[in-house]
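Participant: One structure coming up, written as C-alpha cells, with questions to follow.
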Amino acid sequence: MTDIATILSQARTKLTTWQAEAASAAANGASQTQSADAAWDAVAAIEAATNHADGLRTQVLARNDTLAAALAARAAALADAEAARSEGASPPLADASATALRTAVAAAAGVTPASKLDDAAFKSAASTVDTSIAALDDTALNDLAAALVTLETKLQDYEDAEAAAEVALTAAESAPAIIADDLSTALVQREAAATLAAAGNKPAAVLAYVDYQAARTRLTAATAAAAATKLQTDWNTARDAQLSAAADLLAAQLAVIQGQLTLARKRAEMTARLTTRDAVASAAMDAVLNPPPAPPGP
C-alpha cells in the first residue's frame, strides 16, 4: 500500500528542487526563459496537487473520530440490548420471557405445539414481504452503482479524446511557424555555407550546408499536399472521436440521472409499502394459519 505521508514528503522535496531550478533558470536570462517557464509551471502544478492530497488526507484521517463515535454508539446499543435480555424481574428479551410469550400467542392462535410458531413457514411469510420491499431499493442501488462506474469510464475516455484533439489542433496551429522557421533557417544557412566556404572554414561550411539541406528537405515535405491533408485528417479523426466521446459521456450522465430518479421513486414506493407492511404480512400469516382447502381429487 502506498503511504501518502511518504508521497507528500517526496512531492514537497521536488517542489523545493523545482523552485530552485526555476529561479536559477530565470537568473540565466533569455536563453533559459522557456526552461524557467516550464519549471514554474511544474512548481504551480505540484503545489496544487500537494495541497489537494494533503486536504484529502486530513478529511480521511478525520473519519477516525467518526468511526470511534460509531463504535461507541454500537457498544451503548449492545449494552441496552443486554439489559433487556438479562436485567430486572422479567427481562423482556430473556429466553424465559420469549417462551412464555410463544405459549400465549400459540394458545390464542390455536397453534399446537407452541414450538410450531418458530417453524420456517411463519418466518418465511414475514420475510417474503420484507424481502420484496427491500429488493426495490437493492435493485435500484445496484443499477445506480453500475451507471456511476460507466460514467467514470466515459469521463476518462472523453478526457483522453480531448487531449488527442488538442494535440492534433496544436500540430496544425504550429505548422505555419515551423514552416517560417525552416524557411528562415534555409536562407540563413545557405548564405552561411557560401560565406564560410569562401573563407576556407571547411567544417563550418559543411555544417551550414547540412543544416541548409535539412531545412530544404522539411520544406519540401511540408509543400506536399499530403502534409496538409494529414493535418486535416488527423484533426477530423480526433474531432470526431471527441464528439463521440462527448456523446457517450452525456449518455452516461443521463443514465446516472435516470438511476437517481429511479432510486428516489423506488424509495418512495418502499415508504408507501412499509405503511401497509403489517397488514400484508398479517394476511400472509393468516394464510399459513388457515391454508385453503386442497382441491378435490379426480
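Residue 277 in the numbering used here sits at position 267 of the sequence shown; the count goes up by one each step and never skips.
All C-beta atoms in this analysis are idealised placements derived from N, C-alpha and C, irrespective of residue type, glycine included.
Rounded to whole angstroms, what is the Cα-Cα separation between aspartate 288 and glutamine 263?
Facilitator: Each residue's alpha carbon lies about 39 angstroms from the other.
Participant: By how many angstroms is the C-alpha of glutamine 166 removed from the C-alpha of alanine 248?
Facilitator: Cα to Cα, the separation comes out at about 15 angstroms.
Participant: Could you tell me which uninterrupted beta strand (DSSP E) segments, each at least 3 residues in length, are contained entirely in the stretch 100–178, listed from first to last along the chain?
Facilitator: Counting whole runs of 3 or more residues, the stretch 100–178 contains no beta strand (DSSP E) stretch at all.
Participant: Could you say which of Ala255, Leu197, Glu176, Ser292 lies nearest to aspartate 244 if we only look at CA atoms?
Facilitator: Selected option, being the one with the closest Cα: Glu176.
Participant: Measure the CB-CB distance between isoleucine 189 and alanine 232 and report whether it falls below 8 angstroms.
Facilitator: In this structure, alanine 232 lies closer than 8 angstroms to isoleucine 189 by Cβ.
Participant: What do you reckon, are the CB atoms on leucine 241 and alanine 203 nearer than 8 angstroms?
Facilitator: The answer is no: Cβ separation not under 8 angstroms.
Participant: To the nearest angstrom, report how far apart alanine 35 and glutamine 44 are at their CA atoms.
Facilitator: Cα to Cα, alanine 35 sits roughly 9 angstroms from glutamine 44.
Participant: Between the Cα of aspartate 64 and those of Ile14, Ser292, Ser96, Ala238, spot the shortest distance and give me the residue it belongs to.
Facilitator: Among Ile14, Ser292, Ser96, Ala238, the Cα nearest to that of aspartate 64 is on Ile14.
Participant: Count the other CB atoms, across all protein chains shown, that sit within 10 Å of the CB of alanine 235; report buried if there are 16 or more and exposed otherwise.
Facilitator: It is exposed - the Cβ of alanine 235 has fewer than 16 other Cβ atoms within 10 Å.
Participant: Can you list the alpha helix (DSSP H) stretches of 4 or more residues lying completely in the stretch 26–99, in chain order?
Facilitator: Runs found: 43–96.
Participant: Please name the residue in Asp129, Leu161, Asp250, Ala208 whose C-alpha comes closest to that of leucine 179.
Facilitator: Taking only the C-alpha atoms, the option nearest leucine 179 is Asp250.
Participant: Under 8 angstroms between the Cβ atoms of glutamate 57 and leucine 25?
Facilitator: Yes.
Participant: Need the endpoints of the alpha helix (DSSP H) that proline 213 sits in, please.
Facilitator: Counting along the chain, the alpha helix (DSSP H) containing proline 213 begins and ends at 212–233.
Participant: In this structure, does DSSP put aspartate 13 in helix, strand or coil?
Facilitator: If DSSP states are grouped into helix, strand and coil, aspartate 13 belongs with coil.
Participant: Can you grab the Cα-Cα spacing for the pair aspartate 150 / leucine 111, in whole Å?
Facilitator: For the record, residue 150 in the displayed sequence is alanine; it is not aspartate. So the two alpha carbons sit approximately 39 angstroms from each other.
Participant: Just how far apart, CA to CA, sit threonine 160 and alanine 48?
Facilitator: Approximately 35 angstroms between the Cα atoms of the pair.
Participant: Please state if the CB of alanine 89 and the CB of threonine 60 are separated by a distance shorter than 8 angstroms.
Facilitator: Going by C-beta atoms, threonine 60 is not nearer than 8 angstroms to alanine 89.
Participant: Out of Ala135, Met295, Leu260, Glu183, which one is the CA nearest neighbour of leucine 158?
Facilitator: Selected option, being the one with the closest Cα: Leu260.
Participant: Just the C-alpha distance for tyrosine 222 and leucine 253, rounded to the nearest angstrom, thanks.
Facilitator: Near 42 angstroms, if we compare the C-alpha coordinates of leucine 253 and tyrosine 222.
Participant: Exposed or buried, which one is alanine 32 when buried takes at least 16 other CB atoms within 10 Å?
Facilitator: So alanine 32 counts as buried.
Participant: Between which residues of its own chain and aspartate 147 is the CB-CB distance below 7 angstroms, once the five residues before and five after are set aside?
Facilitator: If we look at aspartate 147 and ignore the five residues flanking it on each side, its Cβ neighbours are Lys276, Arg277, Met280.
Participant: Go through its chain and collect everything with a Cβ distance to tyrosine 219's Cβ below 7 angstroms, but skip five positions before and after it.
Facilitator: Correct list, in chain order: Ala203.
Participant: In chain order, what are the residue ranges of uninterrupted alpha helix (DSSP H) at least 4 long that sit wholly in the stretch 237–307?
Facilitator: List check, alpha helix (DSSP H) in window: 287–299.
Participant: Going by other Cβ atoms of all chains shown within 10 Å of its Cβ, with 16 needed for buried, is leucine 284 buried or exposed?
Facilitator: Counting Cβ neighbours within 10 Å, leucine 284 comes out exposed, since fewer than 16 surround it.
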